[in-house]
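Data first, discussion second: the structure below is written as C-alpha cells.
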Amino acid sequence: MVFLITGASGFIGFHLAKALLARGNTVIGIDNLNDYYSPLLKQARCDQLKQFQNFYFYQMDIADQPAMESILKQHHDIKIIFNLAAQAGVRYSLENPFAYIQTNITGHLTILELARHLPKLQRIFYASSSSVYGLNKHLPFSEQDRVDRPSSVYAASKQSAELLSFTYHHLYGLKQTGLRFFTVYGPWGRPDMAYYLFAKAIAENKPITLYEGENLSRDFTYISDVIDGLISLLECPDLDGYEIYNIGNSRQEQVENLITCLEKSMQKKAKINRITRPNTDIEATLSDITAIYKKTGWSPKTRLDEGIQYFTDWFQNFNN
Ligand SMILES: NC(=O)c1ccc[n+]([C@@H]2O[C@H](COP(=O)([O-])OP(=O)(O)OC[C@H]3O[C@@H](n4cnc5c(N)ncnc54)[C@H](O)[C@@H]3O)[C@@H](O)[C@H]2O)c1
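The sequence shown: position 24 = 24 (the UniProt record's numbering), numbered continuously.
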C-alpha cells in the first residue's frame with residue numbers, strides 16, 4: 001500500500017512512517033524541515049526512515065501547490081494520505097500567527113485540492129487537536145461538544161482545517177478522518193512541549209516554568225498507543241465518509257504528577273518557578289475515547305510513569 005505522510009520528519013509522522021514501513025508499505029514523506037525547533041532532530045528522524053528502501057523523501061512546503069502537484073503526479077498510486085504537517089505549539093501562535101494560517105489552513109487546503117484528483121486515493125487522515133475544545137469547561141471532551149471558542153490561533157487554525165475537510169467531503173466525496181490528538185509524548189518527542197522542556201531543565205539543573213493553578217492537568221498520550229490507534233483505524237473496514245476521533249489516554253493527570261514521574265525516572269529533584277498561566281493555554285484536558293473504542297476496539301495501554309521512563313531513557317541517550 002502506498003501512503004503519503006506530510007510532516008514525516010516530525011514527531012508523530014516519523015513514528016507512523018516507521019511503523020508503516022516496517023509493515024512493508026511504501027511511504028512518500030514530505031517535510032520542510034523548518035527551524036521552529038531543532039532541524040537536526042528532524043533530520044535525525046528522517047535519516048532513520050531513509051534506511052528503508054521504500055521510503056521516498058521530499059523536502060518541501062505543503063502549501064507550495066506547484067511543487068506538491070509535481071510530486072503527486074510522480075506518485076499517482078497513493079492510496080492513503082496522513083496530513084500531519086503543521087505549525088504546532090500554542091504559545092508560538094502569539095508570536096507568529098501567520099505561520100499557522102499558512103501551513104494549517106492554506107497547506108491543508110492544498111492537500112485537499114490535490115487529493116481530489118488522485119485516482120486511487122481511498123482516504124485522508126489529518127491531524128487536528130484537543131485544542132479545538134478551547135474554552136469548554138466540561139470534561140471529558142467529547143467529539144459531540146461545541147468547538148467554536150478557540151483560545152489560540154493554533155486552535156482556530158485546527159478547527160478551520162476540520163471545516164475545510166468537511167466541505168471537501170460534502171463537495172467531492174473525499175473520505176476523511178480527523179484525529180484530535182491529546183498531548184502526545186515519548187521518545188523522539190518535540191522539544192517545545194512541556195514534558196521535554198521539564199526534562200531538559202532537570203538535566204541542566206535549571207528551574208522548570210510551571211503555570212499556577214490547582215487543576216492544571218493534561219491527558220498525556222504515549223506515542224506507541226497513538227500509532228496503535230492510527231493502525232486500528234487503518235485496519236477498520238467500516239469507517240464513515242467523514243468522521244472525527246479523539247485520540248487520547250483518557251486519564252486526567254496533574255502536571256505536578258508529570259514532574260514527579262520525571263524526577264523518579266531521572267533520579268533528580270526539579271526546581272520549580274511558578275508563573276501565571278497564559279490565556280492561550282487551557283487549564284485541563286481529558287478525552288472521551290468511547291467513539292474510537294466502539295469503532296475499532298482501540299484503547300491506550302501505557303501509564304504515564306512507564307511512558308515517561310521510556311522517554312527519559314531516550315532523552316538521556318540522545319543528548320549524550
Ligand atoms: N504532539 C502533540 O501532542 C499533538 C497534539 C495535538 C495535535 N498535534 C498535531 O499532530 C500533528 C503532528 O504533530 P507533531 O507533534 O508530530 O509535530 P511536529 O512539529 O514534530 O511535526 C510537524 C512536522 O511538520 C513539518 N512542517 C511544518 N510546516 C510545514 C510545511 N508548511 N510544509 C511541510 N512540512 C511542514 C515540520 O517541519 C515538522 O517536522 C500536527 O498537525 C500537530 O498540530 C500534535
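Every residue gets a Cβ at the ideal spot worked out from N, C-alpha and C, and that includes glycine.
| Item | Value |
| --- | --- |
| Strictly by DSSP, which residues pair up with threonine 209? | Asn273 |
| Identify the continuous alpha helix (DSSP H) that holds valine 27 and give its terminal residues. | It is not in any alpha helix (DSSP H) - valine 27 instead sits in the beta strand (DSSP E) that spans 26 to 31. |
| How would you call proline 150, buried or exposed, if buried means at least 16 neighbouring beta carbons within 10 angstroms? | buried |
| Where DSSP assigns a beta bridge to glycine 10, which residues make up the other side? | Answer is none; glycine 10 lacks a bridge partner. |
| Enumerate in chain order the residues of its own chain whose CB-to-CB distance from glutamine 65 is below 6 Å, with the five nearest sequence positions on each side excluded. | Thr110 |
| Within 10 angstroms of the Cβ of proline 119, are there 16 or more other Cβ atoms? Answer buried if so, exposed if not. | exposed |
| Please identify the residue among Phe82, Glu306 and Glu243 whose C-alpha is closest to the C-alpha of histidine 170. | Glu243 |
| On the CB-based measure, 16 or more other CB atoms within 10 Å of its CB, does tyrosine 24 come out buried or exposed? | Sequence inspection shows glycine at residue 24; the tyrosine mentioned does not correspond to that position. Glycine 24 is exposed by the Cβ-count criterion. |
| With distances taken Cα to Cα, identify the nearest neighbour of leucine 234 among Tyr126, Glu143, Ala85 and Ile105. | Tyr126 |
| Give the secondary structure of arginine 45 by DSSP, where H, G and I count as helix, E and B as strand, and everything else as coil. | helix |
| Heavy atom of ligand 1 less than 6 Å from the Cβ of leucine 164, yes or no? | no |
| Bridge partners of serine 287, per DSSP? | Phe141 |
| With distances taken between CB atoms, is the gap from serine 70 to arginine 45 smaller than 7 Å? | no |
| Is it true that the region 130 to 137 meets the region 163 to 177, where meeting means three or more beta-carbon pairs spaced less than 8 Å apart? | no |
| Could you check if arginine 274 is buried or exposed, using at least 16 other CB atoms within 10 Å of its CB as the buried criterion? | exposed |
| Return the CA-CA distance between asparagine 205 and arginine 251, expressed in angstroms with no decimal places. | 30 Å |
| Give the DSSP bridge partners of asparagine 215, in chain order. | Answer is none; asparagine 215 lacks a bridge partner. |
| For a test of the three-state rule: what should DSSP assign to leucine 179, helix, strand or coil? | strand |
| Buried or exposed, going by whether 16 or more other CB atoms sit within 10 Å of the CB of glutamine 74? | exposed |
| What beta strand (DSSP E) runs, 3 residues minimum, are completely inside the region 43 to 131? | 55 to 59, 80 to 83 and 123 to 129 |
| Check this for me: beta carbons of leucine 210 and glutamate 253, under 7 Å apart or not? | no |
| So, using beta-carbon positions, are phenylalanine 3 and leucine 21 closer together than 7 Å? | no |
| Can you check which of these residues, Thr106, Arg91 and Arg190, is closest to isoleucine 62 by C-alpha distance? | Thr106 |
| State the DSSP-derived secondary structure class of phenylalanine 3, mapped to helix, strand or coil. | strand |
| Between the region 220 to 227 and the region 294 to 312, do three or more beta carbon pairs fall short of 8 Å? | yes |
| For valine 147, name the three-state secondary structure that DSSP assigns. | coil |
| Using only alpha-carbon positions, find the residue among Asp288, Leu239 and Thr260 that is nearest to threonine 296. | Leu239 |
| Does DSSP classify isoleucine 282 as helix, strand or coil? | coil |
| On the premise that phenylalanine 52 lies in contact with isoleucine 5, defined as a C-beta separation below 8 Å, what is that separation, rounded to the nearest angstrom? | Isoleucine 5 to phenylalanine 52, Cβ: 12 Å. No contact. |
| Quick check on the burial criterion: 16 or more other C-beta atoms within 10 angstroms. Buried or exposed for lysine 294? | exposed |
| So what does DSSP say about glutamine 309, is it helix, strand or coil? | helix |
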